[in-house]
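The next block holds one structure in the form of structure tokens; read it before the comments.
Protein chains in written order, with the numbering used here: chain A, 4 to 467; chain B, 8 to 252.
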């Protein structure tokens with residue numbers, strides 16, 4: 004029996020029944036969440052100037068690799084002291100930006116800033132060669148691979164701070180001078196783009212800032228504005244049913260058995276002006292099944308009363324806990340154990356663990372949670388330990404959600420087993436996440452992709 | 008293993024218009040469902056999204072119940088929702104003076120810093136006087152309170168002219184600006200008030216959820232141009248539709 008179930012659970016997406024292992028796979032400790040979020044968009048960043056690939060003949064890069072000085076004699080157009088960053092600009096973000104400070108404009112003031120590719124001729128100004136772009140100090144012109152530049156912005160000289168950026172949302176390159184936007188042009192360069200600066204006459208000297216120091220230009224504000232512009236584009240899309248959000252919120256409350264909230268929500272919808280709020284003419288969602296039972300079970304688990312939870316489940320939905328080796332039983336037992344720890348009944352905890360938890364140790368999928376739970380015993384003050392999160396409300400909620408899904412799966416009218424695991428809202432958010440990442444992949448990995456956690460946090464940040 | 012991505016094959020061929028005409032890449036349902044399963048979504052983030060909706064839309068009782076049932080802390084003091092909803096209700100039922108007083112109780116700077124909102128409330132007040140048939144009161148109010156504002160601002164002046172025109176028509180159904188007397192005008196003013204109060208509380212004036220749904224629709228449409236994949240067309244069921252090949 005046990006082996007059989009394991010085999011079933013092992014194959015992802017197996018069959019028509021709810022795969023209980025997937026409930027356990029939702030469990031994750033906070034540090035793991037944070038690592039996951041960081042990994043998703045992690046990219047190596049340009050951090051210093053490249054001293055290997057630069058035109059050593061004509062320029063010298065300082066030992067901290069953050070400034071460059073002209074060494075050549077400026078006899079022609081092929082002795083430019085041009086330097087790229089050590090890495091190309093990262094792409095999985097809305098905007099990339101860096102700055103340079105003109106320390107000394109030298110004899111002719113022919114410093115420049117821009118972007119070039121791997122194959123750039125390292126003795127030319129950025130913008131002089133095809134597939135490169137540069138903003139030049141001596142004439143204020145922008146060079147985009149054509150023979151001559153186009154008038155673009157002011158000239159720049161000693162003491163000025165010049166910035167160059169890639170806006171992945173609008174697909175533009177933009178430049179700044181002393182903190183003000185100079186202008187933007189369509190980004191028609193292909194391939195990984197290297198931040199590039201150049202010097203081309205005696206005495207010229209530049210420093211670069213890849214973000215280690217605060218920028219002169221308000222890049223945060225610029226990104227915020229760009230994102231708002233992007234949002235105003237998507238906000239123009241018309242939803243077929245303008246009030247669909249009400250429906251989705253309602254089905255979320257139903258799904259998780261938040262019955263009191265649901266009742267208040269329905270009451271408010273019933274008494275308010277009807278024109279503004281309507282759920283449309285829809286069938287009630289299938290999640291109404293076992294609503295008040297599910298609400299009570301959730302309350303019991305959230306209050307830490309696992310013994311009664313077992314009892315009620317035995318009365319109402321015996322099939323959920325029939326298999327003693329099931330995920331649900333494991334989660335409830337481990338939660339019972341955690342509750343003993345919370346109540347500081349350590350001896351009871353040990354006794355309980357021996358009787359009910361030890362047998363689960365052979366299960367690979369339970370290992371993480373089990374090990375961490377048992378480790379609580381090792382701490383004098385477990386709540387303050389690195390696994391103290393097990394004693395927090397979200398851990399109870401995790402167990403409550405699993406029980407909720409298990410109860411939903413006993414509904415004989417249930418058509419789609421997925422619907423026990425995921426609310427409508429969650430399925431939409433998963434779809435949005437995948438679509439957004441796929442779209443970015445097709446877009447040469449450019450731009451930021453949707454992550455709910457980032458989105459929810461950003462609306463909290465903007466409030467401060 | 009995170010959101011397994013499609014391996015970037017020949018990017019140039021995706022970009023070039025020639026390949027656009029040829030058949031699109033297809034992501035099968037199985038493949039897509041695997042990607043969907045790999046997405047990591049935190050329950051507490053979904054709870055926060057729902058709380059944000061309840062708070063912004065003014066479901067104060069539901070927000071309070073949700074706080075208890077889910078343990079999610081609301082983004083703002085729930086008492087301020089009650090105040091906000093009372094102001095909104097006052098405008099919706101035509102008690103503009105009451106609404107103005109309540110707004111000032113809540114935060115006197117709201118009307119000071121929103122001349123347009125203040126004007127719209129005054130305009131609504133005039134509309135309500137006309138609706139109630141209080142002609143002389145309406146005239147006095149228009150002359151004393153509204154006319155000076157029209158001198159400051161051309162748009163306001165035009166609005167005043169339209170509103171005062173209501174007085175001239177015995178049967179307002181014939182008046183070209185009769186829609187000012189419509190319930191929708193009250194709702195418009197009420198939602199403007201609602202947004203201003205939320206902004207004054209440094210809260211976004213729209214809930215997050217509807218704009219995420221729009222983002223989903225938009226992103227699906229964008230992705231459609233590149234690849235055939237299972238879409239979700241009916242947001243109420245969130246069912247995947249097999250990719251059309």
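The beta carbon of each residue, even a glycine, is placed where N, CA and C say it ideally should be. It should be emphasised that the depicted structure is a prediction, and the values quoted were computed from it without experimental measurement.
Query raised in the report: Which of the three DSSP states, helix, strand or coil, is assigned to residue 113(A)?
Result: Working through the first chain from its first residue, we reach residue 113(A) at position 110. DSSP places residue 113(A) in coil when its eight states are reduced to three.
Report task. Taking only the alpha-carbon atoms, compute the straight-line gap between residue 55(B) and residue 207(A) and give it to the nearest angstrom. Result -> As a working mapping, residue 55(B) is identified with position 48 in the second chain. As a working mapping, residue 207(A) is identified with position 204 in the first chain. In a straight line, the C-alpha of residue 55(B) is about 54 Å away from that of residue 207(A).
**Report entry** residue 243(B) versus residue 233(B) - alpha carbon distance
**Finding:** For this step, residue 243(B) is matched to residue 236 along the second chain. For this step, residue 233(B) is matched to residue 226 along the second chain. If I take the Cα positions, the gap works out to 26 Å.
**Report entry** Cβ neighbour criterion (16 or more within 10 Å) applied to residue 142(B)
**Finding:** Residue numbering aside, residue 142(B) sits at position 135 when the second chain is read from its first letter. When all chains shown are included, residue 142(B) counts as exposed.
Query - Contacting positions in the stretch 423-449 of chain A - beta carbon closer than 9 Å to chain B - result: 425, 426, 427, 428, 429, 430, 431, 432, 433, 434, 435, 436, 437, 438, 439, 440, 441, 442, 443, 444, 445, 446, 447, 448
Query raised in the report: Thinking C-beta only, is residue 197(B) closer than 8 Å to residue 132(B)?
Result: Walking along the second chain from the start, residue 132(B) turns up at place 125. Walking along the second chain from the start, residue 197(B) turns up at place 190. Against a cut-off of 8 Å, the Cβ pair of residue 197(B) and residue 132(B) comes out as no contact.
Query - For residue 147(A) and residue 157(A), the rounded distance between their alpha carbons - result: The residue labelled residue 157(A) in the question sits at position 154 within the first chain. The residue labelled residue 147(A) in the question sits at position 144 within the first chain. Going from the Cα of residue 157(A) to the Cα of residue 147(A) covers about 17 Å.
Query raised in the report: Listed from N- to C-terminal order along the chain, which residues in the stretch 40-57 of chain B have their beta-carbon within a distance smaller than 8 Å of any beta-carbon of chain A?
Result: 40, 41, 42, 43, 44, 46, 47, 48, 49, 50, 51, 52, 53, 55, 56, 57
Report task. Note the first and the last residue of the continuous beta strand (DSSP E) segment covering residue 289(B). Result -> With chain B covering only 8 through 252, there is no way to say anything about residue 289(B).
**Report entry** Per DSSP, the bridge partner or partners of residue 210(A)
**Finding:** Translated into positions along the first chain, residue 210(A) becomes position 207. In the DSSP output, where bridge partners are listed per residue, residue 210(A) has 70(A), 104(A).
Query raised in the report: So with Cβ pairs under 8 Å, would you call residue 456(A) a contact of chain B?
Result: The sequence position of residue 456(A) within the first chain is 453, counting from 1. Chain B contact via Cβ: present.
Query raised in the report: At a Cβ threshold of 8 Å, is residue 106(B) touching chain A?
Result: Taking the second chain and counting its residues from 1, one reaches residue 106(B) at position 99. It does not; no Cβ of chain A falls within 8 Å.
Query raised in the report: What residue from 446(A), 450(A), 431(A) has the CA that sits closest to residue 219(B)'s CA?
Result: What you label residue 219(B) is simply residue 212 of the second chain in a count that begins at 1. Comparing Cα positions, the closest option is 431(A).
Query - Proximity winner among 195(B), 149(B), 157(B), relative to residue 173(B) (alpha-carbon distances) - result: Here residue 173(B) corresponds to residue number 166 of the second chain, with the count starting at 1. That would be 149(B), whose Cα lies nearest to the Cα of residue 173(B).
Query raised in the report: Should residue 364(A) be labelled buried (16 or more other beta-carbon atoms within 10 Å of its own) or exposed?
Result: Translated into the one-based positions of the first chain, residue 364(A) becomes position 361. The residue is exposed, with fewer than 16 neighbouring Cβ atoms inside 10 Å.
Report task. Enumerate in chain order the residues of its own chain whose CB-to-CB distance from residue 71(B) is below 6 Å, with the five nearest sequence positions on each side excluded. Result -> By 1-based counting over the second chain, the position of residue 71(B) is 64. Cβ neighbours of residue 71(B) beyond the five flanking positions: 85.
Query raised in the report: Buried or exposed: where does residue 128(A) fall if 16 or more other Cβ atoms within 10 Å of its Cβ makes it buried?
Result: Along the first chain, read from residue 1 onward, the residue named residue 128(A) stands at position 125. Its Cβ being crowded by 16 or more others within 10 Å, residue 128(A) is buried.
Report task. Might you give, ordered along the chain, the residues of its own chain that have their beta carbon closer than 6 Å to the beta carbon of residue 400(A), omitting 5 neighbours on each side? Result -> The residue you call residue 400(A) lines up with position 397 of the first chain. Correct list: empty, nothing qualifies.
Query raised in the report: Under a CB-based cut-off of 8 Å, is residue 268(A) close to chain B?
Result: Position 265 of the first chain, counted from the first residue, corresponds to residue 268(A). Residue 268(A) counts as touching chain B.
Query raised in the report: Looking at residue 393(A) and residue 376(A), is the spacing between their C-beta atoms short of 8 Å?
Result: For this step, residue 376(A) is matched to residue 373 along the first chain. For this step, residue 393(A) is matched to residue 390 along the first chain. Yes, these two residues count as a Cβ contact at 8 Å.
Query raised in the report: For the stretch 160-193 of chain A, which segments carrying the alpha helix (DSSP H) assignment without a break, of at least 4 residues, lie completely within its bounds, in sequence order?
Result: none
Query raised in the report: Which bits of chain A does residue 281(B) rub up against, with CB to CB less than 9 Å?
Result: The first residue shown for chain B is 8 and the last is 252, placing residue 281(B) beyond what the model contains.
Report task. Would you identify the three-state DSSP class for residue 198(A), choosing helix, strand or coil? Result -> Numbered from its first residue, the first chain carries residue 198(A) at position 195. It is a strand residue.
Report task. State the CB to CB distance for the pair residue 222(A) and residue 190(A), rounded to an integer number of angstroms; the pair is presumed to be in contact (CB under 8 Å). Result -> On the first chain, residue 222(A) is found 219 positions in, with the first residue counted as 1. On the first chain, residue 190(A) is found 187 positions in, with the first residue counted as 1. Contact doesn't hold; Cβ gap of about 17 Å is too wide.
**Report entry** Contact with chain B by residue 277(A), beta-carbon distance below 8 Å
**Finding:** Counted from its first residue, the first chain places residue 277(A) at position 274. Its pLDDT being 40, under 50, residue 277(A) is placed unreliably by the model, and the measurement read from it follows with that caveat. So no, residue 277(A) is outside the interface.
Requested in this report: Determine the extent of the beta strand (DSSP E) in which residue 62(A) is found, giving its start and end residues.
Outcome: Position 59 of the first chain, counted from the start, is the residue given in the question as residue 62(A). Per DSSP, residue 62(A) belongs to the beta strand (DSSP E) from 62-64.
Query raised in the report: Can you name the residues that DSSP bridges to residue 87(A)?
Result: Reading the first chain from its first residue, position 84 is the one you call residue 87(A). Paired residues: 199(A).
Query raised in the report: Which residues in the same chain have their Cβ closer than 6 Å to the Cβ of residue 72(A), if we skip the five residues on either side of it in sequence?
Result: For the purposes of this step, residue 72(A) is identified with residue 69 of the first chain, where counting begins at 1. Once the five neighbours on either side are set aside, the close Cβ partners of residue 72(A) are 63, 208.
Report task. Please work out which residues of its chain come closer than 7 Å, Cβ to Cβ, to residue 449(A), disregarding the five sequence neighbours upstream and downstream, and give them in chain order. Result -> The count along the first chain starts at 1 and reaches residue 449(A) at position 446. Cβ within range, chain order: 94, 171, 443.
Query - chain B contacts from the stretch 251-262 of chain A (Cβ-Cβ distance under 9 Å) - result: 251, 252, 254, 255, 256, 259, 260, 261, 262
Query - Three or more C-beta pairs below 8 Å linking the stretch 95-109 of chain A and the stretch 223-233 of chain A - result: yes
Requested in this report: Could you work out which residues of chain A lie near residue 234(B), taking near to mean beta carbons separated by less than 8 Å?
Outcome: What you label residue 234(B) is simply residue 227 of the second chain in a count that begins at 1. What residue 234(B) touches in chain A: 441, 445.
Requested in this report: Tell me whether residue 283(A) sits in a helix, a strand or coil according to DSSP, three-state version.
Outcome: Within the first chain, numbered from 1, the residue matching residue 283(A) stands at position 280. Reliability fails at residue 283(A), whose pLDDT of 47 lies under 50, so the model's placement of it is uncertain and the value that follows must be treated cautiously. Looking at residue 283(A) - three-state DSSP - the assignment turns out to be coil, as it is neither helix nor strand.
Requested in this report: Note down, in chain order, each residue of its chain lying with its Cβ closer than 6 Å to the Cβ of residue 165(A), except the 5 sequence neighbours on either side.
Outcome: Taking the first residue of the first chain as 1, we reach residue 165(A) at position 162. Once the five neighbours on either side are set aside, the close Cβ partners of residue 165(A) are 103, 116, 159, 180.
Query raised in the report: Going straight from the alpha carbon of residue 294(A) to that of residue 270(A), what length do you get?
Result: Position 291 of the first chain, counted from the start, is the residue given in the question as residue 294(A). Position 267 of the first chain, counted from the start, is the residue given in the question as residue 270(A). Each residue's Cα considered, the two are about 17 Å apart.
Requested in this report: Output the distance between the C-alpha atoms of residue 47(A) and residue 118(B), rounded to the nearest integer angstrom.
Outcome: Position 44 of the first chain, counted from the first residue, corresponds to residue 47(A). Position 111 of the second chain, counted from the first residue, corresponds to residue 118(B). Distance between the alpha carbons of residue 47(A) and residue 118(B) is about 49 Å.
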